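Protein sequences, first through last, are from chains A and B.
Here the first sequence is numbered in this note's numbering, starting from 50 and rising by one per residue.
Here the second sequence is numbered in this note's numbering, starting from 70 and rising by one per residue.
To keep things clear, I will list the structure first and then write my remarks on it.
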Amino acid sequence: MKNIWTIAKREYDNYFNGPLAFVVMLAILLPMGIYFSLILFYTSQQAFFGGGGAPDIQPINGLFVFLMVFLAPALTMRLLSDEARMGTLELLLTSPVRDSELVIGKWLGAMLFVLTLLGITLVYPIVLNNFVDPGIDWLVVLSSYIGLILICGTMLALGVGISAIFTNQFAAFFVTLGLLFFLYFMIGLPAGLLPQSGEVFNYLSIQNPFDQMNAGTMTLGGIVYYLSLISLGLFIGTTAIEIRRWR
Amino acid sequence: MIKVSGLTKDYGSRRAINNLNFDCQQGEIVGFLGPNGAGKTTTMRILTGYMPPSDGEAIVAGYDVVEESLEVRKRVGYLPETVPLYHDMIVFDYLKYMGELRHVPDVDERVEEALDMVGLINRSNGYVGNLSKGMKQRVGLAQALLHRPEVLILDEPTIGLDPGQVVEVRELIREIGRERTVLLSTHLLNEAQNLCDRVLIINKGKIVAEDTTENLQARLLGAERVVVRVRGEADELASSIKSVKGVRKVETLDDGGVEFEFASGKDLRPEVARQVIKDGYDLLELRPLGMSLEEIFLELTNNEGKK
Chain A
50 MKNIWTIAKR
60 EYDNYFNGPL
70 AFVVMLAILL
80 PMGIYFSLIL
90 FYTSQQAFFG
100 GGGAPDIQPI
110 NGLFVFLMVF
120 LAPALTMRLL
130 SDEARMGTLE
140 LLLTSPVRDS
150 ELVIGKWLGA
160 MLFVLTLLGI
170 TLVYPIVLNN
180 FVDPGIDWLV
190 VLSSYIGLIL
200 ICGTMLALGV
210 GISAIFTNQF
220 AAFFVTLGLL
230 FFLYFMIGLP
240 AGLLPQSGEV
250 FNYLSIQNPF
260 DQMNAGTMTL
270 GGIVYYLSLI
280 SLGLFIGTTA
290 IEIRRWR
Chain B
70 MIKVSGLTKD
80 YGSRRAINNL
90 NFDCQQGEIV
100 GFLGPNGAGK
110 TTTMRILTGY
120 MPPSDGEAIV
130 AGYDVVEESL
140 EVRKRVGYLP
150 ETVPLYHDMI
160 VFDYLKYMGE
170 LRHVPDVDER
180 VEEALDMVGL
190 INRSNGYVGN
200 LSKGMKQRVG
210 LAQALLHRPE
220 VLILDEPTIG
230 LDPGQVVEVR
240 ELIREIGRER
250 TVLLSTHLLN
260 EAQNLCDRVL
270 IINKGKIVAE
280 DTTENLQARL
290 LGAERVVVRV
300 RGEADELASS
310 IKSVKGVRKV
320 ETLDDGGVEF
330 EFASGKDLRP
340 EVARQVIKDG
350 YDLLELRPLG
360 MSLEEIFLEL
370 TNNEGKK
């Protein structure tokens, strides 16, 4: 456990050593801030003319996840691929650290960064709470943030797993991006085309459980699906490292 | 401290090392010598728990490298061939990170201790990427020493260092080797000669010789070679020397000398000298040719190709 934490802490610090952390923050917080302001502006205008509902944080949390589809690959691409390219993997693999601890530590490091981002976005519900009478439903906010953590964890775990396979970080980036794009946007499409038998594709989309949690409905199936994908990603990563040893 | 038996590693169809057997005792510095691609790095990677062998077993610091890999890794310090460093980290932070991964107690002090040992204490706040090649090498060495390992495995530890640093690093290795086990690979023969208690010569995945450098020399010198130089013609001299009983392989040299050999243990030099003088030559030189480790090495590693 200590090893996982040591590795996670270094990865977290390492994001801030280069520009990546700040680029990702800018790319995610700026659109969210603009979007949030627009929502406030729009709903307050509606309220002024005596209509419309109360604003909520659902749309901006949805935007966070939408942007993460593109940014999660950037956060995970070099986590293991670069260690292999630089030769530092040899150092880690000859340290008293289990392969699984290494992979989980890398994932946790990326997770801590995303949790930092999510922590910053908590200002939106807090601001919103002051605007809306009698305040917002914090249980929905909680459910939405659990959904955010789970779906981001899923994306990062798959990214870490793919990063362990490649020695080139850009290969890892594009493969992760392709996979997340597929799982988020495309896999649910057949459900609309095949109204009877296509329902199953809805269950495979990583977007749907989040949308439900974002709206305040936690589903056991969704939680289990995310946790399985996280395990799968970390398992792929660990296996890829083990295969590297045997080669 | 290191016990290797029947160690074999295949990369696909290529056999990198083939049935290696050797041990290293505590307080011993063992040199691992061989041409490129002989299997030195592969062997070291197996001993450090980086990769499992295809066959055979290796016990390091009392633990099996496959079954108890984590225990082995706790007790081994390893400097890989291409020193792996995080270039965007500060030297101190890098070593602290490596120390934490190995559960080193009082990690801050131990990092300073290691930096002090390799003479980099004044660069501890700089970025690893800004160090010169020799300094990076020394950071790698500090990393290997950090957890005071029982066994130190160094892949080409003095490569890229300037002559002054080479002397310092060798001194350091010698010091460490007094109490702990050091296995180092090198292709600098004089390094093996003046640093190692024992040398393993490996070629094409097999150990072709294993002994102290002195014994290796003696053993390979199954015959002793002597060069004779006189005032006068070498051709005539050669026939004169040939007449001495027990002399073999008489060759004339371009510079007028004559080389011959005889079975070791039975010194024929007095007889040859007498014969030369009896035949009326002025004897200028009668010199035994010692074999340097360099020649031994070439002899051993080329033999395979000749067969």
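In this text, a Cβ means the ideal position worked out from N, Cα and C, and glycines have one as well.
Owing to the predicted nature of the structure, the values given are computational and were not obtained by experimental measurement.
So residue i is in the alpha helix (DSSP H); what residue range does that whole segment cover?
i                : result
Asn388 (chain B) : Past the boundaries of the shown model lies residue 388 (chain B); chain B is included only from 70 to 376, so the question cannot be answered.
Leu116 (chain A) : Gln107 to Met135
Lys347 (chain B) : Arg338 to Lys347
Glu260 (chain B) : Leu258 to Leu264
Tyr84 (chain A)  : Leu69 to Phe97
Leu269 (chain B) : Counting along the chain, Leu269 (chain B) falls outside any alpha helix (DSSP H), though it belongs to the beta strand (DSSP E) covering Arg267 to Asn272.
Ser149 (chain A) : Asp148 to Thr170
Leu154 (chain B) : No alpha helix (DSSP H) holds Leu154 (chain B); DSSP gives it neither H nor E.
Enumerate in chain order the residues of its own chain whose CB-to-CB distance from residue i is below 7 Å, with the five nearest sequence positions on each side excluded.
i                : result
Pro244 (chain A) : none
Ile185 (chain A) : Asp105, Pro174, Leu177 and Asn178
Glu240 (chain B) : none
Met81 (chain A)  : Ile109, Leu112, Phe113 and Thr170
Lys376 (chain B) : Here the model assigns Lys376 (chain B) a pLDDT of 40, short of 50, so the residue's position is not dependable, and the following value carries that caveat. Excluding positions up to five away in sequence, the list is empty.
Lys143 (chain B) : Arg171
So is residue i in contact with chain B if we call contact Cβ pairs under 8 Å?
i                : result
Asn52 (chain A)  : yes
Trp299 (chain A) : A query on residue 299 (chain A) cannot be resolved here, the shown segment of chain A reaching from 50 to 296 and no further.
Thr137 (chain A) : yes
Thr216 (chain A) : no
Arg134 (chain A) : no
Gly67 (chain A)  : yes
Thr55 (chain A)  : yes
Hey, does residue i have any beta-carbon neighbour from chain A nearer than 8 Å?
i                : result
Met120 (chain B) : yes
Tyr166 (chain B) : yes
Tyr132 (chain B) : no
Thr117 (chain B) : yes
Leu102 (chain B) : no
Asp177 (chain B) : no
Leu392 (chain B) : Only positions 70 to 376 of chain B appear in the structure, and residue 392 (chain B) is not among them; the question remains open.
Asp124 (chain B) : no
Leu381 (chain B) : Here chain B comprises residues numbered 70 to 376, so residue 381 (chain B) is not present and cannot be evaluated.
Lys78 (chain B)  : no
Going along chain A in order, which residues have a C-beta closer than 7 Å to the C-beta of residue i?
i                : result
Arg171 (chain B) : Ser144 and Pro145
Pro153 (chain B) : Met135, Gly136, Thr137, Glu139 and Leu140
Provide the residue span of the beta strand (DSSP E) that contains residue i, from first to last.
i                : result
Glu182 (chain B) : That residue, Glu182 (chain B), is in no beta strand (DSSP E); its alpha helix (DSSP H) goes Val176 to Met186.
Leu215 (chain B) : Neither: Leu215 (chain B) is in no beta strand (DSSP E) and is coded neither H nor E.
Asp280 (chain B) : Lys275 to Asp280
Tyr147 (chain B) : Val145 to Leu148
Glu126 (chain B) : Asp124 to Val129
Phe231 (chain A) : Phe231 (chain A) -> no beta strand (DSSP E), and no H or E assigned at all.
Ser254 (chain B) : Thr250 to Thr255
Phe101 (chain B) : Ile98 to Leu102
Gly75 (chain B)  : Ile71 to Tyr80
Asp324 (chain B) : Asp324 (chain B) -> no beta strand (DSSP E), and no H or E assigned at all.
Note down, in chain order, each residue of its chain lying with its Cβ closer than 8 Å to the Cβ of residue i, except the 5 sequence neighbours on either side.
i                : result
Val316 (chain B) : Ile310, Phe329, Glu330, Phe331, Leu337 and Val341
Asn194 (chain B) : Ile159, Val160 and Phe161
Tyr163 (chain B) : Leu154, Tyr155, Val197, Val208 and Gln212
Met117 (chain A) : Ile77, Val163, Ile200, Cys201 and Met204
Can you pull the chain A residues whose beta carbon is under 9 Å from the beta carbon of residue i, in chain order?
i                : result
Arg142 (chain B) : Leu142, Thr143, Ser144, Pro145 and Val146
Pro149 (chain B) : Gly136, Glu139, Leu140 and Thr143
Leu139 (chain B) : Pro145, Val146 and Arg147
Gly157 (chain B) : With the sequence shown as reference, residue 157 (chain B) is identified as Asp, and Gly is not the correct amino acid for it. Within chain A, the residues near Asp157 (chain B) are Asn63, Asn66 and Gly67.
Residues of chain B with CB under 9 Å from residue i, in chain order?
i                : result
Asn179 (chain A) : Within 9 Å Cβ-Cβ: nothing; Asn179 (chain A) doesn't reach chain B, min ~42 Å.
Is the closest heavy atom of the ligand SAM to the C-beta of residue i under 7 Å?
i                : result
Ile115 (chain B) : With respect to the ligand SAM, the structure shown offers nothing to examine, as it has no ligands at all.
Within the same chain, show all residues whose beta-carbon is closer than 6 Å to that of residue i, passing over the 5 residues directly before and after it, in chain order.
i                : result
Lys72 (chain B)  : Asp92 and Ile128
Ala261 (chain B) : Gly100, Leu102, Thr255 and Val268
Ala213 (chain A) : Leu129, Gly286, Ala289 and Ile290
Thr227 (chain B) : Val235 and Val238
Just to make sure I have the definition right: I need the residues of chain B whose C-beta is within less than 7 Å of the C-beta of residue i. Which are they?
i               : result
Arg59 (chain A) : Tyr166
Quick one, which residues of the region 223-254 of chain B are near chain A if we go by CB-CB under 9 Å, in chain order? Here the close residues number zero.
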